[in-house]
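Student: Residue numbers (full-length UniProt numbering): 1 to 360.
We treat Cβ as the ideally placed atom computed from N, Cα and C, and that holds for glycine.
To start, I am sharing the structure in question, which I have written as C-alpha cells.
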Amino acid sequence: MEESSLVEKGMPMDQMVQPLVKAGITVVPPRFIQPAESRPGPPVEANGSQIPVIDMSGLYDERRNQVLAEIAHACQEWGFFQVINHGVSPALMADILMVTKEFFALSQKEKEVNAMKPGATVGYGRLFETKNSVANWIDRLVMWTYGEKQKLAEPCMPLKPQRLGEVVDAYSNAVYQLCKRLIETLAVMLGLEPDVLGERLNVEGLGIRTSCNYYPPCPQPELVLGLTPHSDSSIFTVLQQDGDVFGLETLHNGQWFQVPPLKNAFVINGGNQLQIISNAKYKSVMHRARTNTHVGRYSFPNFLLPSDQTVIEPFPEFLSEANPPLYRSLTFAEYVNGFHSMPFAGGRHIDNFLLTRPDQ
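Given below as C-alpha cells:
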C-alpha cells in the first residue's frame, strides 16, 4: 500500500501500462517520467551488509532463541528480511505466479471486466495516484484474499483464468498462517505468551489484501519508477518476488539497496501499524520498485491489515518513562480515513498520527 495524499482510486483504463508496451512504444509518455532528482540511479547490492535471510524452521528447535534474536535485529536494523522454510509450499507460490501471468495474458477487454470502480481499493487498475502525480510503471489486480468481512465488503474475484479463485484461496490461507506465526513471534520476542498480541489485534478479524503486480518492460527505465518510495499501511507485508527478476529496493541509512529475489522465499517488512504498536521501535521502512527494458516483473505483496474497529496504539510493552507514547490511539478505520484526507507528511503519512507533529 503506497503513501499518498488526495488519494484517487480506479484510474481510467487508458492509464494502464501493458497496452502501451503491446503497442510498441519506444519513448515513455510524459506522465510516467520522474523528476530528475527522483529517478533511480545505478542499482546497489547489499554486499557485506546483506538483508537478513531467516530460516523460520529454527523457531521450533534448539535454534529458537537465535532465530528470535535474528528477527528482532532485522526488524530494528533493516525493517526488511527474507524468510525461508516458512510453511507456504513452493507449489502454491508457483501457482499464484502462473494464474497471475494467465490473467495479464487475457485480452484487455477481458481484464477490464474486473476494472476498479471509483472509490474502490480492489479490482484491475491503478491505485494511489493523483491527477497531478507522476504515474508509476505498474498494472495491478488487487483482491481481498483473506477475511470474510473484507471480502464481502469489497468483492473481487475474476472468473478468468478459471483456476484463479481456487489458487488464491489456498495461497491466502497459507500466507495467513505465516502472518499468525509472525505475530506470535513478535509476542514471544517481548516475553509474552504467543497469543497475547493476536488477541489485542483481533487476529480472527484480520484481513489480507493481495496486490498481483505486473511491471511491464520499459523502454526507458532510467526515467521511471515501478513504484515511487512509500511505506506500507499494514501490520506486516509478506511479499513474494518473481524468480530472479530484480526490482525491489529498500532505503537503508540513506541509500537504496536491492532486495535480491530468493527462490521460494518471502520478503517481510513491517508496516505503519507495526511502527505504531511498537512505538517506533520497529519502523515502517521506505521502499520502491524499479523497472527494466528486457523482461516484465511480477510481485505479490500480501498486506496484513486490522479490522476497521481494531484499536491501534503503542502497546505497553514498548513504553516506559524514558519512552512515552509517540502516537495517539485510534481505530484502523480512523487511520484509513486519515490516509485519504490528511496532508502528505513528507513521504511519511504515519507522521500525521504522532502526538507531537514535526511541523508543530
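Are ASP242 and PRO217 closer than 8 Å when you measure CB to CB?
Tutor: Stepping through the sequence shown from its first residue, residue 242 is reached at position 242. Stepping through the sequence shown from its first residue, residue 217 is reached at position 217. Their beta carbons are not under 8 Å apart, which means ASP242 does not touch PRO217 by this criterion.
Student: DSSP three-state label for LEU197, please.
Tutor: As a working mapping, residue 197 is identified with position 197 in the sequence shown. Three-state DSSP puts LEU197 in a helix.
Student: Which runs of the alpha helix (DSSP H) fall wholly inside the segment 30-98 and span at least 4 residues, in chain order?
Tutor: 64-77
Student: Can you tell me the Cβ-Cβ gap for ARG140 and GLY125, rounded? I've got them flagged as a contact below 8 Å.
Tutor: The residue you call residue 140 lines up with position 140 of the sequence shown. The residue you call residue 125 lines up with position 125 of the sequence shown. With 8 Å as the limit, ARG140 and GLY125 qualify as a contact, their Cβ atoms being about 7 Å apart.
Student: Tell me the DSSP bridge mates of GLY123?
Tutor: Within the sequence shown, residue 123 is the residue found at index 123, counting from 1. Its beta-bridge partners are VAL142.
Student: Give the secondary structure of ASN173 by DSSP, where H, G and I count as helix, E and B as strand, and everything else as coil.
Tutor: As a first step, residue 173 must be located in the sequence shown, where it is residue number 173. Of the three classes helix, strand and coil, the one that applies to ASN173 here is helix, per DSSP.
Student: Going by DSSP, which residues form a beta bridge with HIS230?
Tutor: Here residue 230 refers to the residue found at position 230 when the sequence shown is read from its first residue. DSSP lists HIS287 as partners of HIS230.
Student: Should PHE300 and GLN240 be called a contact, given that it needs their Cβ atoms to be closer than 8 Å?
Tutor: One-based indexing of the sequence shown puts residue 300 at position 300. One-based indexing of the sequence shown puts residue 240 at position 240. Taking 8 Å as the Cβ cut-off, PHE300 and GLN240 qualify as a contacting pair.
Student: Apart from the five residues on each side of it in sequence, which residues of its chain come closer than 6 Å, Cβ to Cβ, to residue 362?
Tutor: There is simply no residue 362 to check, as the chain begins at 1 and stops at 360 in what is shown.
Student: Output the distance between the C-alpha atoms of PHE353 and ALA23, rounded to the nearest integer angstrom.
Tutor: As a working note, residue 353 is residue 353 in the sequence shown. As a working note, residue 23 is residue 23 in the sequence shown. Between PHE353 and ALA23, the C-alpha separation is close to 44 Å.
Student: Just checking, does the segment 225-237 make contact with the segment 283-290 on the three C-beta pairs under 8 Å criterion?
Tutor: Short answer: they touch.
Student: So, for ASN85: in the same chain, excluding its five sequence neighbours on each side, which residues have a beta-carbon less than 7 Å away from its beta-carbon?
Tutor: Along the sequence shown, read from residue 1 onward, the residue named residue 85 stands at position 85. Closer than 7 Å at Cβ, skipping near neighbours: ASP55, MET56 and SER57.
Student: Taking the alpha carbon of GLU154 as the point to measure from, which residue in GLN162, MET143 and GLU110 has its own alpha carbon closest?
Tutor: As a first step, residue 154 must be located in the sequence shown, where it is residue number 154. Out of GLN162, MET143 and GLU110, MET143 has the C-alpha closest to the C-alpha of GLU154.
Student: Specify the secondary structure class of ARG312 as computed by DSSP and reduced to three states.
Tutor: On the sequence shown, residue 312 is found 312 positions in, with the first residue counted as 1. This sequence places Ile at residue 312; Arg is not what is there. Of the three classes helix, strand and coil, the one that applies to ILE312 here is strand, per DSSP.
Student: Near VAL17, what residues of its chain come up, given a Cβ to Cβ distance below 6 Å and the 5 sequence neighbours on each side ignored?
Tutor: For the purposes of this step, residue 17 is identified with residue 17 of the sequence shown, where counting begins at 1. So the qualifying residues of the chain are TRP137, ASP139 and PRO216.
Student: If contacts are defined as beta-carbon pairs under 8 Å, then VAL99 and VAL167 qualify, I think. What distance do you get, rounded to the angstrom?
Tutor: On the sequence shown, position 99 is the one that residue 99 refers to. On the sequence shown, position 167 is the one that residue 167 refers to. Yes, they are in contact, since the Cβ atoms of VAL99 and VAL167 sit about 5 Å apart, within 8 Å.
Student: Can you list, in chain order, the residues of its chain with a C-beta nearer than 8 Å to that of ASN114? Leave out the 5 residues immediately preceding and following it.
Tutor: Against the sequence shown, residue 114 aligns to sequence position 114. Excluding residues within five positions, the ones whose Cβ falls inside 8 Å are GLY123, TYR124, LEU141, CYS156 and PRO158.
Student: Where does CYS218 fall in DSSP's three states?
Tutor: As a first step, residue 218 must be located in the sequence shown, where it is residue number 218. Note: CYS218 maps to coil in three-state DSSP.
Student: Among all the DSSP beta bridges, which residues are the ones paired with ILE268?
Tutor: Working through the sequence shown from its first residue, we reach residue 268 at position 268. Beta-bridge pairing links ILE268 to PHE81 and VAL238.
Student: Can the beta-carbon of LEU201 be found less than 8 Å from the beta-carbon of PRO314?
Tutor: The sequence position of residue 201 within the sequence shown is 201, counting from 1. The sequence position of residue 314 within the sequence shown is 314, counting from 1. Against a cut-off of 8 Å, the Cβ pair of PRO314 and LEU201 comes out as no contact.
Student: Once DSSP output is grouped into helix, strand and coil, what is the label at LEU6?
Tutor: The count along the sequence shown starts at 1 and reaches residue 6 at position 6. Caution is warranted here: a pLDDT of 33 is assigned to LEU6, below 50, making its placement in the model unreliable, and no coordinate value can be reported.
Student: Out of HIS73, ASN132 and GLU317, which one is the CA nearest neighbour of ASN269?
Tutor: Taking the sequence shown and counting its residues from 1, the one referred to as residue 269 is at position 269. Nearest of HIS73, ASN132 and GLU317 to ASN269, Cα basis: HIS73.
Student: HIS252 by DSSP, collapsed to three states: which one?
Tutor: On the sequence shown, residue 252 is found 252 positions in, with the first residue counted as 1. If DSSP states are grouped into helix, strand and coil, HIS252 belongs with the strands.
Student: By alpha-carbon positions, which one of ARG163, MET116 and PHE246 ends up nearest to PRO43?
Tutor: As a first step, residue 43 is located in the sequence shown; it is residue number 43 there, counting from the start. Closest option to PRO43, Cα to Cα, is PHE246.
Student: Which same chain residues end up closer than 7 Å to LEU274 when comparing Cβ atoms and leaving out the 5 residues on each side of it in sequence?
Tutor: In the sequence shown, the residue the question calls residue 274 occupies position 274. Closer than 7 Å at the Cβ level, and outside the excluded window around LEU274, lie ILE235, PHE236, TYR282 and SER284.
Student: With a CB to CB cut of under 7 Å and the five nearest residues on each side skipped, what residues in its chain are close to ALA135?
Tutor: Sequence index remark: in the sequence shown, residue 135 carries index 135 (1-based). Around ALA135, the same chain offers GLN15, ARG31, PHE32 and GLU129 as residues with beta carbons nearer than 7 Å, after the five sequence neighbours per side are excluded.
Student: At the level of alpha carbons, what is the spacing between GLY41 and LEU206?
Tutor: To locate residue 41, count along the sequence shown from 1; it is residue 41. To locate residue 206, count along the sequence shown from 1; it is residue 206. The straight-line gap from Cα to Cα measures roughly 38 Å.
Student: Does the Cβ of ALA289 have 16 or more other Cβ atoms within 10 Å, making it buried, or fewer, making it exposed?
Tutor: Numbered from 1 along the sequence shown, position 289 holds the residue referred to as residue 289. Under this definition ALA289 is a buried residue.
Student: Closer than 8 Å by C-beta to TRP78: which residues in its own chain qualify, once you throw out the five before and the five after it? Chain order, please.
Tutor: The residue labelled residue 78 in the question sits at position 78 within the sequence shown. Counting only Cβ-Cβ distances below 8 Å, and skipping sequence neighbours, we find ILE51, PRO52, THR250, HIS252 and VAL285.
Student: Pull the bridge partners of LEU274 from the DSSP assignment, please.
Tutor: Reading the sequence shown from its first residue, position 274 is the one you call residue 274. Paired residue(s): none; LEU274 is not in a bridge.
Student: Reducing DSSP to helix, strand and coil, say where ILE208 ends up.
Tutor: By one-based count along the sequence shown, residue 208 stands at place 208. Strand, per DSSP.
Student: Is the beta carbon of VAL88 closer than 8 Å to that of VAL175?
Tutor: Residue numbering aside, residue 175 sits at position 175 when the sequence shown is read from its first letter. Residue numbering aside, residue 88 sits at position 88 when the sequence shown is read from its first letter. Yes, the pair counts as a contact, with Cβ atoms nearer than the cut-off.
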